[in-house]
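First residue of the sequence shown: 1, per my numbering; consecutive thereafter.
Below: the structure, in structure tokens.
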Amino acid sequence: MDTVSLAKRRYTTKAYDASRRIPQATVDALLEQLRHSPSSVNSQPWHFIVADTAEGKARLAKSTAERFAYNSPKILDASHVIVFCTRTEMTEAHLNALLEQEAADGRFRDEQARAAQNQSRRHYVDLHRFDQKDLQHWMEKQTYLAFGTAMLGAAAHGLDATPIEGFDSKILDAELGLRERGFTSVVILSLGYRSETDFNAGLNKSRLPASQVFTFL
Numbered sequence: 001m002d003t004v005s006l007a008k009r010r011y012t013t014k015a016y017d018a019s020r021r022i023p024q025a026t027v028d029a030l031l032e033q034l035r036h037s038p039s040s041v042n043s044q045p046w047h048f049i050v051a052d053t054a055e056g057k058a059r060l061a062k063s064t065a066e067r068f069a070y071n072s073p074k075i076l077d078a079s080h081v082i083v084f085c086t087r088t089e090m091t092e093a094h095l096n097a098l099l100e101q102e103a104a105d106g107r108f109r110d111e112q113a114r115a116a117q118n119q120s121r122r123h124y125v126d127l128h129r130f131d132q133k134d135l136q137h138w139m140e141k142q143t144y145l146a147f148g149t150a151m152l153g154a155a156a157h158g159l160d161a162t163p164i165e166g167f168d169s170k171i172l173d174a175e176l177g178l179r180e181r182g183f184t185s186v187v188i189l190s191l192g193y194r195s196e197t198d199f200n201a202g203l204n205k206s207r208l209p210a211s212q213v214f215t216f217l
């Protein structure tokens with residue numbers, strides 16, 4: 001797979017063809033890729049809400065209706081929309097569930113390896129919770145790793161996509177009952193196929209030159 005071509009081809013879609021749907025097999029493959037996203041110490045502090053019905057997308061669009069109305073069509077006309085959510089705290093239940101899943105998946109050679117993984121993960125969680133005092137920010141950074149995985153995956157499947165940070169997270173959290181479940185919305189990804197009215201599709205991609213963004217030691 002030529003990932004450089006994928007990166008150059010993908011862009012932020014501004015308008016979707018509401019009549020086109022992503023095949024279910026493609027959606028399933030993308031979500032499975034998303035589930036296998038990397039995260040620091042395998043912390044996986046995320047949850048993903050997938051809207052693929054008109055009713056579901058309308059609920060998400062409530063978060064853009066007031067201050068971010070220009071983003072509403074990108075949600076309503078897309079085939080599928082994913083809300084990337086982050087935990088509001090790193091709970092004991094989640095830490096224990098991670099360890100049990102790793103054991104079930106055969107990640108440990110022996111009990112010593114299991115104990116080491118548990119100690120290492122808790123060390124980093126406590127580092128961010130107590131010392132650096134940025135646990136929420138750290139967890140959100142892991143969610144953005146998953147977001148990047150989904151963006152590249154969408155390009156690999158020939159899908160158009162739009163990253164959306166212009167929405168009211170308080171409204172969306174309330175609409176979906178996220179905070180009661182221990183999560184908060186961070187970023188939205190619309191997916192589908194571009195409309196002929198998408199002006200951004202025909203524009204050249206622009207990035208700073210390599211000489212300005214890379215330093216070699």
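Where a beta carbon is used, it is the ideal one built from N, C-alpha and C, also for glycine.
Around the C-beta of R194, 16 or more other C-beta atoms lie within 10 Å, and the residue is accordingly described as buried. Under the DSSP assignment, D160 falls in the beta strand (DSSP E) whose first and last residues are 160-164. Counting C-beta pairs closer than 8 angstroms gives fewer than three between the stretch 49-63 and the stretch 145-154, which falls short of the contact rule. A straight-line Cα-Cα distance of about 7 angstroms links D198 and T13. A Cβ-Cβ distance of about 11 angstroms is found for the pair T91 and F183, leaving them out of contact under the 8 angstroms criterion. For R114, there is no enclosing beta strand (DSSP E); the residue is found in the alpha helix (DSSP H) stretching over 111-126. With fewer than 16 other Cβ atoms from the protein chains shown falling within 10 Å of its own Cβ, P209 counts as exposed. By the Cβ rule, the stretch 24-34 does not count as touching the stretch 114-132, because fewer than three pairs are nearer than 8 angstroms. Put simply, of G177, S37, L76 the residue whose alpha carbon is nearest the alpha carbon of A18 is L76.
A155: member of the alpha helix (DSSP H) spanning 135-156, first to last residue.
Spanning the alpha carbons of L178 and E100 requires a straight line of approximately 25 angstroms. Within a 10 Å sphere around the beta-carbon of P38 sit fewer than 16 other beta-carbons, which makes this residue exposed. When DSSP states are grouped into helix, strand and coil, A51 belongs to the strand group. With a threshold of 16 other beta carbon atoms within 10 Å, K74 meets it and is buried. A distance below 6 angstroms between beta-carbons, with the five flanking residues on each side excluded, links A15 to the following residues of its chain, in chain order: S195, T197, D198.
Rounded to the nearest whole angstrom, the C-alpha separation of R114 and P45 is 20 angstroms.
Distance from the CA of S120 to the CA of V41, rounded to the nearest whole angstrom, comes to 8 angstroms. If you draw a straight line from the Cα of A93 to the Cα of F48, it is about 19 angstroms long.
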